[in-house]
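Offset between the sequence shown (1-based) and this note's numbering: plus 1496.
The beta-carbon is built from N, C-alpha and C at its ideal position, and this holds for glycine as well.
All of these numbers come straight from a predicted model, not from anything done at the bench.
To keep things clear, I will list the structure first and then write my remarks on it.
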Amino acid sequence: MSKVDRTDIKEQIAASIKNFSLAAKDETSRERLVIEMPEFIQRKAALISAHFLLPAGSRIVDMACETGEVTYALALLNPRTEIIGIERDAKSIEFARKNYRLPNLSFRQTDIGIHDLDDESVDGIINSNVLHRVYSHWGYNGDEVFNLLEKQIRKLKVGGTMLIRDYMLPSDDEFVLLELPNLPSRGMDPRSLSDADLLVHFSQTARPMAEGCEGFFIEELMPRREGTRLFRLMHKWALEFIHRKNSRESWEQELKEEYTFATYQDFRREFARLGMRMVFSAPYWNPWVVKNCFKGRFQLYSENYVPMGSPATNYFIVSQKVADKQSLVLEERRPSQKPVGDLQIMIVRDKQSGQLHELVKRPGEYCDIVPYRITPDNRLVIYVRSGYPRPIVNAVQRGSHNIDGKKWSGHLIEPITMDTVNMTDDVEENRKMIFDYVNNYASLRPKADDSWYVGETYFPSPDRIDEAIEPVFVEVENPQKTGWAIQKDSEVNFTEIGTITELDATDILLAAQVGLLPEPRLELHVFELMSRYQMQLPRWIGEVMPKMPGQPTKGKDPEDILEDVEPAEFEEEKKGAITLKPVKSVFVEEGRVGRGTRGLSAQDIEFILTEDGIENIAVVIPISRDWDNNLLVALEPKILPVPNRLGGDGAMLNAPSFVLPKDVRSVEDAKEFIAGKFKVPVEQVGQLGESYFTHTGVTPQRVYPFVVSSPPVVGQGPKWQYAPLKRIWMLGFFNRFSGILLKAIARLHMSMNDNHDMQLNRSPVNLKSKGFSLSTEKVAVEAKNVGYSAVPSRVLGQRGAAGGAGAPAKPQEPLWSPDTDPEIIEQNKAAQALIESIAAPRVGPRLSDSYAMAKRILRESTAIQMKDTPAVAEIDKDIEQVGRQIKQRLELTPMGDPTGKGRR
């Protein structure tokens, strides 16, 4: 258990333990039980759960569970996973068994070597703040920690996951400077000493061993700032003191323990020896601890007196057991001797302004395939590629810093992708190609010929990467298994090509919240699918958003903002690259061979860098409020070259973004930088979820999303305009938002607490919703002031050859014609538009146009007159209902909003 947030659990639980049910029989009771638990237990369990991406039916053991509170919360949050709490102490186990009972929860009295479990019998192991205690118990011997892990790993199945939540030793034996307030002590015992005097005392008594062998080196220097004391000591011991200085009541007991015992390199080396792939590692900053125990209470500096950010309060490590000769890590080894040329860099010029844009294009075009199904208990599960090689995420940093400290093995979870080069203007032929691919590549069977639709086009970087990716959602039959190997992938030359894995949709969103999924698109696809099925979103477990500014402003509809954008055309210039450069390197796949590692394969891979090597950008969502206290979001309207080149007019709404300079080395530095840009206190800047890559197949550029509570007069840029977030939400299918903006808006939506005006009624915990069906009324919101100009769909047969500028959209040509009386259709344009909107779910961007036309005609019409033809009879009631709604309201409630509060 964390020493900083250690609390007397029994006292905190006592008041609520009486209310806990002996068994959670349904989702409602589970939700209530989680809500009643103390907040710090909810948060700890939610963070641990978010780092596990395992299918239903998995078996997980929680080591050293003590009296079982967190283990119980894990079982509540994961009702379809078997959770086993492991604890040696008999009284603790007795308490846990008496007070925490669930069908998927059990407790065992045994040691954390779990010798009584069969080998390869569990899917997951949790070591939460356990290993540093093992290290201390065995005389500060790191070998004992890894001997224990070896025993535990034997119990894991191949492909099973181990989560470690603990502290991490700094990589170098470096000295740092620690500045503390110069305050007098109130006495001589540890509880009465000032922080500075306690540090001196700690330097004499740390690591109590044989008499005279305890302690560590420290020297006091002349302070640089008035009212402080300055000490020089090793980085390890500075962290040891910082993590325990608030545990005065248990000081003598805590003195026997050391928290930092292994570096990242130590874990990676030992895990490789034990056949474990370090899929993900990341520092974590507990916001309560940082605010109440770190901020203003000390300052760390390098020996050169350069300020250092707040130390992490914990580290998370996610590792996966692999078989012999299976991949462990992908890394950039050396520059390639082969010439570049796989990626094309072109320069296009805005004919009106003369502005030049550099665009990167990779060979071919692709769509994302998102197979899914609704389970009998009404859960949404998604089939993804897991462990798919994306080596560019491990490209050597040239000029940027890894400001959030996250690292990956290079094996990612992402959507299935399909080449669309061979697609034609025949939608039915395209559908057959997609279904064949789903069957042959993913070994999944589509549920029916009409069980698919095309979602929102994703632009990875509409001003930099010449690519538009369409997600194709395919409902599939139950494959009767939760994971299997991909047999062949022509895009990959590594030995590891990943698996197809079934994951819960809400688990995917939670994993993205903690940074486990650095690929940018899957999170947005899942969000869109859950919205269409009216599913509750999982609880936000990221940083709390900053408070709203006191000064209100007036918002403007997004369509009106776009109306003010001047049209633009782009033409290609015969010039070389300006700031971008292609780089080709050899990436090596290191794998397990016996108890050692060696290279398994290598591949020459080309990617794009900036000339100065700075690959970190901040995307910022400025928020404000109007006079009615509605939430407003600042948007930046632009004509962008990529959607323009692909057949649209290019007008898009974007989030303001900034390149993070080289001197930004941490998330705290980034917040200071953004606060300076907007001229606001740093407290008004919040982190909007974790970072992700712009495009894992093209560039190592990282996107760090933030939100800033900014008064418009100070923070508004020359072209930024505030729009109501509710209206943006309603226009989610408007095809006018960049992918980065949509992702930020989706996260902002989840992050708002229950008191926010745009907040939906949703569960505050990671629970699954019930009773969903895909709406038969494909409603859309009228796009005011804007004609049809979305990028034509390749999947729907609206574009020309791959790589070309694209054929113009065909807004007046329906995708298919319902079997209705031609004379009636000719007489009643409103009926025609409504039939298309209801019966043709794959029309996509045309929905808003059909709906807008229906509204205009119905303003002059009193009824819908139709003959009872076979096609019309099936949807006649829907048409009448929609007609009444159109007359009553200027806008229909967007899809997926049963409460009428603005959800699309």
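Beta-carbon separation (whole angstroms), residue i vs residue j, contact threshold 8 Å
| i | j | result |
| --- | --- | --- |
| T1809 | V1785 | 5 Å |
| E1963 | T1953 | Between T1953 and E1963 the Cβ distance is about 10 Å, and since that is not below 8 Å, they are no contact. |
| H1702 | G1708 | Correcting the residue identity first, residue 1702 is Ala in this sequence and not His. About 13 Å separates the two Cβ atoms, so there is no contact after all. |
| F1727 | E1716 | 5 Å |
| L2058 | P2133 | 6 Å |
| I1649 | L1770 | 5 Å |
| V2181 | P2014 | Incorrect: roughly 22 Å between the Cβ atoms, too far for contact. |
| G1605 | E1583 | For the record, residue 1605 in the displayed sequence is Gln; it is not Gly. 7 Å between Cβ atoms; contact. |
| N2246 | W2036 | One detail in the question is off: residue 2246 reads as Met in this sequence, not Asn. Contact flag correct, Cβ pair sits at about 5 Å. |
| M2026 | A2001 | 6 Å |
| E2131 | P2201 | Inspection of the sequence shows that residue 2131 is occupied by Leu rather than by Glu. Incorrect: roughly 15 Å between the Cβ atoms, too far for contact. |
Contact under 7 Å by Cβ, residue i with residue j
| i | j | result |
| --- | --- | --- |
| A1891 | P2078 | no |
| V2089 | K1817 | no |
| P1958 | P2139 | yes |
| I1621 | V1557 | yes |
| H2191 | I1961 | yes |
| S2401 | F2154 | Here the chain comprises residues numbered 1497 to 2400, so residue 2401 is not present and cannot be evaluated. |
| T2415 | E1998 | No answer is possible for residue 2415: it lies beyond the span of the chain, which begins at 1497 and ends at 2400. |
| F2066 | V1844 | yes |
| I1813 | S1849 | no |
| L2128 | Y2218 | yes |
| L2184 | A2098 | no |
| L1665 | T1759 | yes |
| G2293 | D1921 | yes |
| L2076 | N2150 | no |
| V1889 | G1901 | no |
| P2034 | L2005 | yes |
| E2164 | G1805 | yes |
| S1815 | M1718 | no |
| F1671 | E1799 | yes |
| N2125 | L2156 | no |
| S1947 | I1909 | no |
| P1911 | R2017 | yes |
| G1635 | N1678 | no |
| K1741 | D1662 | no |
| R1496 | G2109 | In the structure as shown, the chain begins at 1497 and stops at 2400. Residue 1496 is therefore absent and cannot be evaluated. |
| E1973 | R1941 | yes |
Those residues which DSSP pairs with residue i across a bridge
| i | result |
| --- | --- |
| C1863 | M1914 and E1966 |
| M1929 | The partner list for M1929 (beta bridge, DSSP) is empty, contrary to what the question assumes. |
| L1674 | F1727 and L1796 |
| A2098 | V2084 |
| D2000 | V1877 |
| V1557 | I1580 and I1621 |
| P2133 | L2149 |
| G2092 | V2089 |
| P2201 | V2115 |
| V2155 | I2113 |
| P1680 | Bridge partners of P1680: none, in fact. |
| A2219 | V2129 |
| D1662 | Y1811 |
Min CB distance residue i to chain C below 7 Å
| i | result |
| --- | --- |
| P1975 | Going by chain labels, chain C is absent from the structure shown, which holds only one protein chain. |
Among the options, the one whose alpha carbon lies nearest that of residue i
| i | options | result |
| --- | --- | --- |
| D2145 | K1741, D2108, A2064 and D2124 | A2064 |
| N1788 | L1826, N2150, H1739 and L2012 | H1739 |
| D2003 | R1875, E1535, M1914 and I1993 | R1875 |
| P2048 | E2068, P2220, D2100 and V1641 | P2220 |
| N1623 | F1713, W2036, P2201 and H1547 | H1547 |
| D1985 | A1734, T1913, V2040 and Y1801 | T1913 |
| V1836 | G2235, A1586, V2082 and G2172 | V2082 |
| A2073 | E1854, V2178, S1617 and D1693 | E1854 |
| M1684 | G1901, R1764, N1600 and D1693 | D1693 |
| I2040 | V1866, E2179 and P1680 | Strictly speaking, residue 2040 in this sequence is Val, with Ile absent from that position. It is E2179 whose Cα lies nearest to the Cα of V2040. |
| V1566 | N1574, E1590 and Q1538 | Q1538 |
| I1996 | V1988, N1989 and Q1983 | Q1983 |
| E2085 | A2166, M2044, R2198 and E1827 | E1827 |
| S1896 | V2204, D2159 and K1540 | D2159 |
**Message:** Assess contact between the stretch 1925 to 1943 and the stretch 2112 to 2131, defined as three or more Cβ pairs (one per stretch) separated by less than 8 Å. Is contact present?
**Reply:** no
**Message:** When you compare the stretch 2017 to 2034 with the stretch 1876 to 1885, are there three or more beta-carbon pairs, one atom per stretch, that lie closer than 8 Å?
**Reply:** yes
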